[in-house]
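Sequence order for the protein chains is L and S. All the letters of the first sequence, read from the start, carry residue numbers 1 to 123 under UniProt numbering. All the letters of the second sequence, read from the start, carry residue numbers 1 to 123 under UniProt numbering. Using N, Cα and C, we set each Cβ at its ideal position, and we do this for glycine too. Because the structure is a prediction, the values reported are computed rather than measured. Down below is the structure, laid out as structure tokens.
There are 2 protein chains.
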Amino acid sequence: MEVVTGLDACALKAPDEGKVAAARDRLVTPAEAARLAEMFRLLGDPTRAQLLYALLEAGEMCVCDLTEAVSVSDTAVSHALRLLRTAGIVASRRSGRMIYYRLADAHVRMLLDLSREHLREND
Amino acid sequence: MEVVTGLDACALKAPDEGKVAAARDRLVTPAEAARLAEMFRLLGDPTRAQLLYALLEAGEMCVCDLTEAVSVSDTAVSHALRLLRTAGIVASRRSGRMIYYRLADAHVRMLLDLSREHLREND
DNA sequence: TGAATACTTGAACAATTGCTCAGATGTTAC
DNA sequence: GTAACATCTGAGCAATTGTTCAAGTATTCA
Chain L
1 MEVVTGLDAC ALKAPDEGKV AAARDRLVTP AEAARLAEMF RLLGDPTRAQ
51 LLYALLEAGE MCVCDLTEAV SVSDTAVSHA LRLLRTAGIV ASRRSGRMIY
101 YRLADAHVRM LLDLSREHLR END
Chain S
1 MEVVTGLDAC ALKAPDEGKV AAARDRLVTP AEAARLAEMF RLLGDPTRAQ
51 LLYALLEAGE MCVCDLTEAV SVSDTAVSHA LRLLRTAGIV ASRRSGRMIY
101 YRLADAHVRM LLDLSREHLR END
């Protein structure tokens with residue numbers, strides 16, 4: 001990475017030490033930001049987003065119905081679901097030879113819901 | 001893409017037409033999902049996430065202070081901010097030779113806030 | 001048992017991404 | 001005007017990503 005941290009990026013202007021320190025130290029550490037980014041990254045793919053909004057709508061669906069709903073191959077759906085499951089965004093249960101997926105928790109549902117609101121209000 | 005849409009992915013089981021139709025048609029269209037994914041994708045990078053959480057914290061910051069806060073090159077910050085600005089996630093104003101960035105609206109702030117909560121509650 | 005179904009896995013490849021570098025803008029001070 | 005500063009832009013490149021293909025596991029039914 002090789003980045004100067006001890007010096008100011010702006011030479012003339014003294015950096016706003018209050019704001020810089022607050023933003024850097026008080027709330028979200030780089031490590032937390034990385035974890036948050038990782039989570040957003042998983043939502044940031046059209047296939048995965050469609051899967052998640054399908055689950056938000058239907059509550060619980062098996063892989064083959066999800067494949068129907070999003071119109072991609074079952075293999076692609078399976079890969080996508082594994083990423084989401086590993087990250088704790090969706091959960092699954094087996095029933096016979098089918099596996100049912102659902103959104104993992106209320107936070108995820110709120111996040112998806114709020115994002116949809118945002119999109120719709122900004123035309 | 002080359003995907004079968006008229007046939008069932010599951011041969012024995014009749015697809016749950018209610019759930020499939022609801023998930024596919026009622027709320028989020030593929031086009032909407034794509035726009036939502038595009039927005040999440042922009043939040044899904046460590047550098048951009050750090051920038052956004054710095055702005056959530058500080059309210060408004062110039063590029064050089066943001067560069068300080070996230071410890072990457074000013075060029076990288078500039079590229080990142082352009083993507084966020086184009087997508088309507090951040091807004092900017094010029095004051096002298098500096099340009100101040102801020103989160104674009106309350107929805108974005110809520111989204112970042114809620115996501116942080118989610119992260120912290122899931123240990 | 002053996003065949004069929006529902007889903008998963010790993011490897012491979014094209015497409016996309018984010019960074020760096022070099023040069024261009026717009027702004028202020030002299 | 002020139003010089004210095006804050007920021008932006010485009011091209012190029014390494015690294016990552018999402019998909020497909022082929023083969024695998026787990027479950028049901030005859």
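Assumed close pair residue i, residue j - CB separation to whole angstroms, cut-off 8 Å
{"i": "residue 36 (chain S)", "j": "residue 119 (chain L)", "result": "6 Å"}
{"i": "residue 85 (chain L)", "j": "residue 95 (chain L)", "result": "Going by Cβ atoms, the distance from residue 85 (chain L) to residue 95 (chain L) rounds to 16 Å, so no, they are not a contact pair."}
{"i": "residue 101 (chain S)", "j": "residue 39 (chain S)", "result": "That pair is no contact at about 17 Å."}
{"i": "residue 90 (chain L)", "j": "residue 104 (chain L)", "result": "6 Å"}
{"i": "residue 112 (chain S)", "j": "residue 53 (chain S)", "result": "6 Å"}
{"i": "residue 56 (chain L)", "j": "residue 70 (chain L)", "result": "In fact, because the Cβ distance is near 13 Å, the residues do not count as touching under 8 Å."}
{"i": "residue 59 (chain L)", "j": "residue 122 (chain S)", "result": "Not confirmed; about 21 Å, so no contact."}
8 Å Cβ cutoff, residue i in contact with chain S
{"i": "residue 84 (chain L)", "result": "no"}
{"i": "residue 87 (chain L)", "result": "no"}
{"i": "residue 100 (chain L)", "result": "no"}
{"i": "residue 35 (chain L)", "result": "yes"}
{"i": "residue 90 (chain L)", "result": "no"}
{"i": "residue 119 (chain L)", "result": "yes"}
Three-way DSSP call (helix, strand, coil) for residue i in this model
{"i": "residue 63 (chain S)", "result": "helix"}
{"i": "residue 24 (chain S)", "result": "Only weak support exists for where residue 24 (chain S) lies, its pLDDT of 49 falling under 50; the value from the coordinates is given anyway. Note: residue 24 (chain S) maps to helix in three-state DSSP."}
Any C-beta of chain L under 8 Å from that of residue i
{"i": "residue 93 (chain S)", "result": "no"}
{"i": "residue 79 (chain S)", "result": "no"}
{"i": "residue 41 (chain S)", "result": "yes"}
{"i": "residue 111 (chain S)", "result": "yes"}
{"i": "residue 114 (chain S)", "result": "yes"}
{"i": "residue 49 (chain S)", "result": "yes"}
Beta-carbon proximity of residue i to residue j, cut-off 8 Å
{"i": "residue 28 (chain L)", "j": "residue 109 (chain S)", "result": "no"}
{"i": "residue 43 (chain S)", "j": "residue 63 (chain S)", "result": "no"}
{"i": "residue 33 (chain L)", "j": "residue 33 (chain S)", "result": "no"}
field: Sequence ranges, beta strand (DSSP E) only - wholly within the UniProt domain "HTH arsR-type" (28–123) of chain S, length at least 3
entry: The beta strand (DSSP E) runs of length 3 or more contained entirely in the UniProt domain "HTH arsR-type" (28–123) of chain S are, from start to end of the chain, 90–95, 98–103.
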